[in-house]
Amino acid sequence: MKPITALLLAAGILSPSFILAATPAPTVKTQKAGAPAAAVKVTSVEGITEYKLANGLRVLLFPDASKPTLTTNIVYLVGSRHENYGETGMAHLLEHLLFKPSANFGVKKGTKTPVEILNSTGAQFNGTTWYDRTNYYATFPANDDNLRQMLAMEADRMVNAAIDQNDLWNPKTSKGEMTVVRNEFEMGESDPIGVTSERIQAVAYDWHNYGKSTIGARSDIEQVNIPRLRAFYHKYYQPDNAVLMVAGRFDEAKVLKQINDLFGKIPKPSRVIDPTYTAEPVQDGERAVTVRRSGGTQFVGAGYHVAPSGHPDAVAIEVLGHVLTDAPSGRLHKALVETKLASKIEYNSVSNLEPGYNLFGALVPLDGKLDAAQDAMLKVLEDLKSQPVTEAEVARVKQQLNKQIELATSNTARLTIALTESLAAGDWRLFFLQRDQLDKVTAAQVQAAAEKYLKSSNRTLGRFIPTDAPDRTTVPAYADVAPQLAGYTGRAVVAQGEAFDPSPDNIEARTQRFTLPNGLKGALLPKKTKGNTVSVVLKLHFGSADSLAGKSGVGSYTANLLARGTDKLSRQEVKDKFDQLGMQVSITGGAEGITAALSGKRDNLPAAMDLLAQVLQKPALSETEFLELQRERVGRAEQELPEPMPLASNAFVRLLDATPPEHVRHVKTLPEQLAVWKSVTVADVKAFHAGYYGAADAGFAAVGDFDAAALKAQVTSLYGNWKAAQPYVRIADTVKPVSGEKVSLETPDKANSVLFAIQPLTLKDDAPQYPALLMANHMLGGGALRSRLADRIRQKEGLSYGVGSQLSVPARDPAGFWMAYAISAPQNTVKVEAALREEIAKVLAEGFTEAELVEAKKGWLQSEEVERTQDGPLARTLATYLEDGRTMAYDKDLEAKVAALTLAQVNQGLREYLKSDAVSVVTAGDFAKVAKESGAAAATAK
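In the working numbering, each number is its position in the sequence shown, counted from 1, plus 3.
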């Protein structure tokens, strides 16, 4: 039921003990006899039309002229479920290798690689692997050249990817993508709660591959056999096992012909993919597992086998999950979080083609009672017979899920990606069918699902207890969705928007600005959008450096309590009202100010604005909600104490912190932050809201479908007279001129390490050298997968899954910084630092090349264009510019300066500001273990 399943998988690092064949991969010949047969229309639902080519490729096209972008998403119906013994992680390895050169993209002399193509178009792209599918998607500016390149690249790497031994692992150089994937594995191994969840699922399954993590076993990652990997690729990466989606601004007939010309030439394979047939036996009793690792909080989880995602039970199962876990209405939240037995409830509902698995969990404070939390959780989950699900609970969940679905269907790019999971579950139309089923689901159906699946004999906790009279669950097998979809046509097509030009000139010409007497500034950009959607942003600014001293903690608590009830509405009532209005709401911030954002439909904006004003101006700030939030904050802080990433991040920002201890921006150590979270009281929060909240000097922006005059009048009515007792005085940005420091932090029993390299920059983003530094950073470490640092440390050395750099330069004060980052195995941290320093020294000595600069300009300029097509981020930009005194002329000027840059200017700009000996380095990892193992190895060698 979820529009898209988000997944972050991980892998590890050791020297491989294998030698693999390095024979080249054959290039697949295309058909030569005549033009391909015309594509055949299969079905159409709500503006999405499915076609099928003669070679079996399925094509989904959904034109949308409202945004000047295109999204391609190719889904291969293969995932970790299809892997055999010794092949775990193979589907995911292939995902990585498909970003390497293919026959006509990188292998052929003078051609660009897939990563170069994706970066040159300014695309937002990724590839993901899950149990039943692998997909590759990209969103980029809509033009014929971009689409032609993207389709040609996907057609080529469908059958002509090199799958080269040296790309995977070069035995001579001991480098390759294998170690990158292994580092991804290590990243996951550093998360004890994630590992515990994996162990629960592994114990729950005896035979089926759903019991194995998609990342694979470390040994399989390290010893993968290249001929077997190529065989896997040639078996599953074929047109008859793929679905290509194209969405956005395009001519349907033209693009369908283009797809047929490119993909139709690929022969239909003669091989037959046999369906997987391993069936998990009925679970015959409670199971349990205990994981003992370093960590800052306790966790208890209970998992249950459930029907496949395409089964009629699936909708009721999803609703049941939300009834149990949503905050604050969920039964588990009330039974554990509100009673202080747990700090947070976790829920994992996975989309699967075959019988799946649902996992419920609770985070328990380090000093909490784990047994009591477990007992309370199981009582809620497995005693629903005595406390049946109510119609009110079901109605609330339906309202919430319908809001999410409606927002997805109004965003073509988002919907394109969301359909990936429906395809994997059996058919893309399940997205719409199950939306309709959701409208009809009843409390009785949800109750039936609870009694069918949430029983002790179907549960895995980590313990095994023999049972004389087991009550077993027979999970439905493969779901035949064809009868359910017979005659299905879906609903009416979502209302279309205008063909909007996202250029800075057009945005500026269409934007209306105003200023209220109390100092609130507004920027309104009305336009027709698909689904009549609108996004608004309100930025409030509080206090001064003097008045906010020592108030960072209370300011953060106050911001996070705003949506938890008003003087007239409970937390649940506030949540329900926003859901009824179909509005997505977020409120973030701290002591210096908050940012509130709304996104939803035009017709519901006035009511949502009224509700937001009530939330901001008259929050309940109740002691019950405060104490619940405090337990959550304390639990999270305790969880972060032993972890490499939070420790290294904290140390890096502390290096740059130029403020005194009581300053609102002073960066405390993690233990000091924990003490702050524990010390704040609800009385402090109420006093802070009374003294600092108001709309003087605020910024408001709206982008999308709305009545500009009416919205301005409503903003004036709601916020025109709201002033804070404490006046707002902007706090200037500062940075400490740290140079050449080295900080090393020990994190015992952690498989991953973190490195940050930092250098302060006394620079504003309107400085003459800023455009040159922007491009220099883009080429050094800012490009997605393609940069000097990524090429060296990830692509060539295979040391890191995540490596790059960032340039952070403020608009109003010369207090910026440059930083680079990398994760790796602790034993590789020294190598990562050495490689990073070598690349910095090399680029300072030799400079970048003209070809690099051309590609960087093109990629950066197109990514800026893509960013302006997104209404929410654009509204945030306009609101921020109100505070900075800027218009879109700044973007136009910056882009013109970037376009006009010469190579000499870029190289000189980098040399002027980045100094090798001034770079400070922070590392965090289990380096003591590395030293101990190195010492033991040296002693053995002697």
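Even for Gly, the Cβ is constructed at its ideal location relative to N, Cα and C. Bear in mind the structure is a predicted one, so any value in this text is a computation, not a measurement.
Chain-order list of residues whose beta-carbon lies under 6 Å from that of residue i (same chain, five-residue window excluded)
i	result
aspartate 687	Val557
isoleucine 468	Confidence is the limiting factor: at isoleucine 468 the pLDDT is only 36, short of 50, which leaves the residue's position unreliable and the question unanswerable from this model.
arginine 466	For arginine 466, the pLDDT reaches just 45, beneath the cut-off of 50, and the residue's location in the model is therefore unreliable, leaving the point undetermined.
lysine 932	none
leucine 766	Val812, Pro817, Gly819
lysine 745	Val924
alanine 793	Val806
valine 449	Ala319, Val322, Leu323, Val392, Val397
glutamine 642	Gly299, Thr300
Span of the beta strand (DSSP E), counted from its first residue to its last, around residue i
i	result
proline 730	Per DSSP, proline 730 belongs to no beta strand (DSSP E) and is neither H nor E.
leucine 62	It should be pointed out that residue 62 corresponds to valine in this sequence rather than to leucine. Where valine 62 is concerned, the enclosing beta strand (DSSP E) stretches over 61-66.
glutamate 576	No beta strand (DSSP E) holds glutamate 576; the alpha helix (DSSP H) holding it covers 574-583.
glutamine 676	From DSSP, glutamine 676 is part of no beta strand (DSSP E) but of the alpha helix (DSSP H) over 673-682.
tryptophan 863	Where tryptophan 863 is concerned, there is no enclosing beta strand (DSSP E), although the alpha helix (DSSP H) it sits in stretches over 853-871.
glutamate 43	Correcting the residue type first, residue 43 is valine in the shown sequence and not glutamate. Its beta strand (DSSP E) spans residues 43-48.
isoleucine 826	819-827
Close Cβ partners of residue i (< 8 Å) along its chain, the five nearest in sequence each way excluded
i	result
glutamate 646	Ser193, Gly299, Thr750, Lys753
arginine 879	Val540, Thr598, Ala600, Ala704
leucine 96	Leu171, Glu180, Met181, Val184, Gly219, Ile224, Val227, Leu232
glycine 125	Phe143, Pro144, Lys861, Gly862, Trp863, Leu864, Gln865, Ser866, Glu867, Glu868, Val869
valine 444	Val318, Ala319, Val322, Val397, Lys401
asparagine 122	Gly786, Ala787, Leu788, Arg789, Glu858, Gly862
valine 718	Leu519, Leu523, Gly525, Met612, Phe703
Cβ-Cβ distance between residue i and residue j below 7 Å
i	j	result
leucine 73	phenylalanine 128	no
lysine 739	alanine 825	no
glycine 313	alanine 482	yes
alanine 616	methionine 586	no
serine 559	glycine 593	yes
isoleucine 77	phenylalanine 65	no
valine 309	asparagine 263	no
proline 195	arginine 296	yes
glutamate 283	histidine 211	yes
glutamate 858	leucine 906	no
alanine 882	lysine 580	no
tryptophan 821	leucine 839	no
threonine 872	aspartate 708	no
alanine 502	alanine 68	yes
Own chain partners of residue i with C-beta closer than 7 Å, once the 5 adjacent residues on each side are dropped
i	result
alanine 927	Pro647, Leu650, Ala651, Leu748, Thr750, Ser756, Val757
leucine 10	Model confidence at leucine 10 stands at a pLDDT of 24, short of 50, so the residue's coordinates are unreliable and nothing is read from them.
alanine 921	Ser742, Gly743, Gln762
arginine 438	Ile408
glycine 89	Asp223
glutamine 515	Leu527, Ala711
glutamate 842	Arg791, Leu792, Arg795
asparagine 146	none
Distance between beta carbons of residue j and residue i, contact taken as under 8 Å
i	j	result
alanine 57	glycine 267	6 Å
serine 919	alanine 844	6 Å
leucine 802	asparagine 186	7 Å
arginine 462	alanine 305	6 Å
arginine 61	glutamate 53	6 Å
Element boundaries [alpha helix (DSSP H), containing residue i]
i	result
glycine 912	906-916
glycine 556	555-564
leucine 601	It is not in any alpha helix (DSSP H) - leucine 601 instead sits in the beta strand (DSSP E) that spans 596-604.
glycine 324	317-328
methionine 153	147-162
isoleucine 196	195-207
arginine 567	No alpha helix (DSSP H) holds arginine 567; DSSP gives it neither H nor E.
methionine 988	Past the edges of the chain, shown from 4 to 945, lies residue 988, and the structure says nothing about it.
Chain C contact for residue i (CB, 7 Å cutoff)
i	result
glycine 113	In the structure shown, chain C cannot be found, because there is only a single protein chain.
Residue i: CB within 6 Å of a non-hydrogen atom of the ligand SAM
i	result
glycine 179	Annotation note on the ligand SAM: not contained in the displayed structure, which lists no ligands.
Item to complete: Please list the segments of the beta strand (DSSP E) lying wholly inside the stretch 331-372, counting only runs of 3 or more residues, in order along the chain.
Response: Qualifying beta strand (DSSP E) stretches, in chain order: 347-352, 359-367.
Worksheet entry | Whole beta strand (DSSP E) elements within the stretch 722-778, 3-residue minimum | You should have 745-749, 756-764.
Worksheet item: For the stretch 74-103, which segments carrying the alpha helix (DSSP H) assignment without a break, of at least 4 residues, lie completely within its bounds, in sequence order?
Response: Listed in chain order, they are 93-100.
Practice prompt. Tell me the start and end of each unbroken alpha helix (DSSP H) in the stretch 437-512 that is at least 4 residues and wholly inside, in chain order.
Written response: Every alpha helix (DSSP H) stretch that sits fully inside the stretch 437-512 and reaches 4 residues is listed by chain position as 446-456, 485-488.
Worksheet item: What runs of the alpha helix (DSSP H), each 4 residues or longer, lie entirely inside the stretch 369-441?
Response: The stretch 369-441 contains these whole alpha helix (DSSP H) runs: 373-385, 394-412, 415-428.
Practice prompt. With a floor of 3 residues, list each beta strand (DSSP E) that falls wholly inside the stretch 612-670, ordered by position along the chain.
Written response: DSSP runs (the beta strand (DSSP E)) wholly in the stretch 612-670: none.
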